[in-house]
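Protein chains in written order, with the numbering used here: chain Z, 75 to 502; chain F, 75 to 502.
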């Protein structure tokens, strides 16, 4: 295929006519698909259904330390749930606190606590004139929503194929005491799918922050969410890397089983230093008497250990691969060689990140919507919803069936073509 | 029995000797009982075990509006859970938002939100020089812990047998714009067991606050927690009373099934005005994608409706009554006529509130502990843990078995006698 940029105006106009015709036909199909959120598909959820049978009225209701899991008590999780979540995060149970159903809530609560009470005795952030977070972009919209909610200024940091631009991160963190945090999705990043290299993780752990209460918010959301058995990324354990670098308290790691068992009815956890755990427990003990220990034990009985989790996630992968492949195939078939967009083939996670020609993303997403395919809003992968280049689009292939994904991806590719042609014509 | 106050010094000294002998014998029994928290007993928890069988891998996984309860989505609770919690709170589902496992967390989050974001557009409380809460006393220590955590000044309000001293409440609320809230446990109050009269509820709903963002924190924790089938308290619905009085946004009502199904694995809810719901959802949507809908449906399938809840709670009552009776019997037998303490016979809830002679509570609790019976700390029922009269002790009879309760209550009565004798001798 000839790159669009090499087409003459006449060729572009002729192409525009054809594309518009195709778009009309596509609209006529009455598509109704949602690729906006990283929702597990129905078959993935079905995989965890037997979990509902592992803890019945006939079963023992005690955790390994003899606690009645039905009653009050146990602030930080039953021992076996700590063990399971530690194995998932590749850390030790003494670093782990198990919470309720959502790691997002733990992140929110952690920022909220820093705002109102401060971290390890430092000044509460709400008392400061300015608090800033570094935000590798493109990134996860719900992270940015939390920092925006609390009035924290967000600074874009380019996310490269091996992680955030660490020169820039080091500069900001070491020079500006108002920089209190950085949002990271270190493995199969949302949305680009990249994983941080060992060097990036080590540089992250070795940061020398101007602010004593600077924290890495390490959202290891996709730690075991591989797409392949043979091609898997592996990242270093940030908790021990921070320890080694003499920064044991500098990281909060988050993970959950939301995309392992049931979204919304999973188990979430934090991994951090003992000092941070003692500090956060001071607030936890005011906020709750304890989280759902029955659901914790249910998860342990069903998954047993890391091997059980991994085996389960390979079943997920088998369901996810054809959906990702459908999108990638269509992108290659339809857009290959046209030089109007680029994308990464991820080895895990929930997304395919697409970079359109500058100034085209909003138009593409709007066109998709008009023809019945809902994408994540353009700009959503940037703080304040503002993609400076209006280029990045997050594709979430997990929920629709593969055949639907093909249809949706074809429409998407068509919309990319249309927006690109318009942009090129505009520039002539 | 002769009142202790009428005893001569010699009689008191002789009594002291005998009591000390009895205490030594009691210590020799090696008691190990915990009456410190309102924990359901094992038999109560057993009543809900069949709930673990109502939602298995064979069952439908959709809520009444067709949502897949296993996936993401539904911020405010599945419709049937809203209905159930509305019936429990005697309000309408449109006033209800269903959360996770603990109403304490909703209360914490509600105060936290008021602190950082403000309520319905008013100034965030953290920006104000002073924020005050009224605290009917004796009250619930975990309420006071939340307000203390956020640096809110607490003002003691006497709790009478029909509710808080409303003259005082009206005065503070109407005159001081720094007064932003009041903690209430309106039914079978923690710890006194009293319920608010209709007049008190109506006066509460008709408050004319100096602060626009004054809120009643109405913790209806024991709304269906009767001890008797025939002798039950009934309170007016605060949400509709506030509406009628032209103060629709003035109340947040809280409730949960923590002491109905499983403590820690229940379902909690808030009831409030539509404006407040819209306001709180703005924060909720940042904090979570949604709560555990599987557990919500599990509760609905098990309890079905208010009648189901009521029938279940009568089974609880049958288990609780003998425990309460054991304590009351011992108190009457051992302390009746001695004029060294008073107590209320509650019709519901989880506690018996005991008022010792002034200056005796700490000593009584310490003596109990030394002989193996752990009570709620003296002072815990007051803000900052400070009972100005050092008199109130909360007895939680729910967890031990009735026979153990008798033993524990006997020890308690003995310790009351010892402390009272010491106090009387001191004053001579």
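Ideal Cβ placement from N, Cα and C applies to all residues, glycine included.
Source: prediction; values computed, not measured.
Per DSSP, cross-strand counterpart(s) of residue i
| i | result |
| --- | --- |
| residue 253(F) | 206(F) |
| residue 172(F) | 343(F) |
| residue 428(Z) | 417(Z) and 467(Z) |
| residue 230(F) | 209(F) |
| residue 330(Z) | 342(Z) |
| residue 447(Z) | 107(Z) |
| residue 382(F) | In the DSSP output, where bridge partners are listed per residue, residue 382(F) has none listed. |
| residue 404(F) | None, per the DSSP bridge assignment. |
| residue 237(Z) | 234(Z) |
| residue 80(F) | Looking at the DSSP assignment, residue 80(F) forms no beta bridge with any residue, so it has no partner. |
| residue 325(F) | 290(F) |
| residue 142(F) | 136(F) |
| residue 422(F) | 300(F) |
Within 7 Å, strictly: CB atoms of residue i and residue j
| i | j | result |
| --- | --- | --- |
| residue 288(Z) | residue 254(Z) | yes |
| residue 107(Z) | residue 447(Z) | yes |
| residue 466(Z) | residue 429(Z) | yes |
| residue 309(F) | residue 383(F) | no |
| residue 486(F) | residue 442(F) | yes |
| residue 148(F) | residue 378(F) | no |
| residue 397(Z) | residue 471(Z) | yes |
| residue 207(Z) | residue 221(Z) | yes |
| residue 315(F) | residue 279(F) | yes |
| residue 236(Z) | residue 271(Z) | yes |
| residue 293(F) | residue 421(F) | no |
| residue 359(F) | residue 176(Z) | no |
| residue 439(Z) | residue 449(Z) | yes |
| residue 190(F) | residue 353(F) | no |
| residue 119(Z) | residue 144(F) | yes |
| residue 163(Z) | residue 345(Z) | yes |
| residue 286(F) | residue 196(F) | yes |
| residue 395(F) | residue 301(F) | yes |
| residue 473(Z) | residue 115(Z) | yes |
| residue 274(F) | residue 240(F) | yes |
| residue 109(F) | residue 452(F) | no |
| residue 493(Z) | residue 437(Z) | yes |
| residue 311(F) | residue 165(F) | yes |
| residue 100(Z) | residue 445(Z) | yes |
| residue 83(F) | residue 502(F) | yes |
Nearest-angstrom beta carbon gap, residue j and residue i [assumed within contact, 8 Å]
| i | j | result |
| --- | --- | --- |
| residue 341(F) | residue 327(F) | Actually they are not in contact, since the Cβ atoms of residue 341(F) and residue 327(F) sit about 15 Å apart, beyond 8 Å. |
| residue 400(Z) | residue 480(Z) | 5 Å |
| residue 146(F) | residue 179(Z) | Not confirmed; about 13 Å, so no contact. |
| residue 284(Z) | residue 259(Z) | Not confirmed; about 24 Å, so no contact. |
| residue 499(Z) | residue 86(Z) | 5 Å |
| residue 231(Z) | residue 238(Z) | 5 Å |
| residue 153(F) | residue 139(F) | 5 Å |
| residue 172(F) | residue 155(F) | 5 Å |
| residue 411(Z) | residue 77(Z) | 7 Å |
| residue 93(F) | residue 488(F) | 6 Å |
| residue 519(Z) | residue 291(Z) | Beyond the ends of chain Z as shown, which are 75 and 502, falls residue 519(Z); an answer cannot be given. |
| residue 205(Z) | residue 227(Z) | 7 Å |
| residue 265(Z) | residue 455(Z) | 5 Å |
| residue 389(Z) | residue 121(Z) | 5 Å |
Review point. Just by C-beta distance, which residues in the stretch 363 to 387 of chain Z are closer than 8 Å to chain F?
Key: 363, 364, 365, 366, 367, 368 and 369
Check your understanding: Which runs of the beta strand (DSSP E) fall wholly inside the stretch 243 to 319 of chain F and span at least 3 residues, in chain order?
Key -> 253 to 258 and 289 to 293
**Study point:** Contact list for the stretch 307 to 341 of chain F against chain Z, Cβ threshold 7 Å
**Key:** 336, 337, 338 and 339
Practice item. Mind checking the stretch 180 to 201 of chain Z against chain F and listing, in chain order, the residues whose C-beta falls within less than 7 Å of any C-beta there? Key: 182, 186, 189, 190 and 200
Practice item. Name, going along the chain, the residues of the stretch 242 to 269 of chain Z whose beta-carbon falls closer than 7 Å to a beta-carbon of chain F. Key: none
**Study point:** Selection of the stretch 421 to 441 of chain F by Cβ proximity to chain Z, strictly under 9 Å
**Key:** none
Point to revise | chain F contacts from the stretch 140 to 166 of chain Z (Cβ-Cβ distance under 9 Å) | key: 142, 143, 144, 145, 146, 147 and 148
Practice item. Starting from the N-terminal side, write out each stretch of the beta strand (DSSP E) that is 3 residues or longer and does not extend beyond the stretch 92 to 134 of chain F. Key: 107 to 109
Point to revise | Members of the stretch 110 to 121 of chain F near chain Z, C-beta cut-off 8 Å | key: 111, 113, 114, 116 and 119
Practice item. Scan the stretch 451 to 481 of chain F for residues whose Cβ lies nearer than 9 Å to a Cβ of chain Z and list them as they occur along the chain. Key: 473
Check your understanding: When you check each C-beta in the stretch 200 to 224 of chain Z against every C-beta of chain F, which residues fall closer than 9 Å?
Key -> 200, 201, 216, 219, 220, 222, 223 and 224
Check your understanding: What residues in the stretch 121 to 134 of chain F have a beta carbon less than 7 Å from any beta carbon of chain Z?
Key -> 123, 124, 126, 127, 129, 130 and 131
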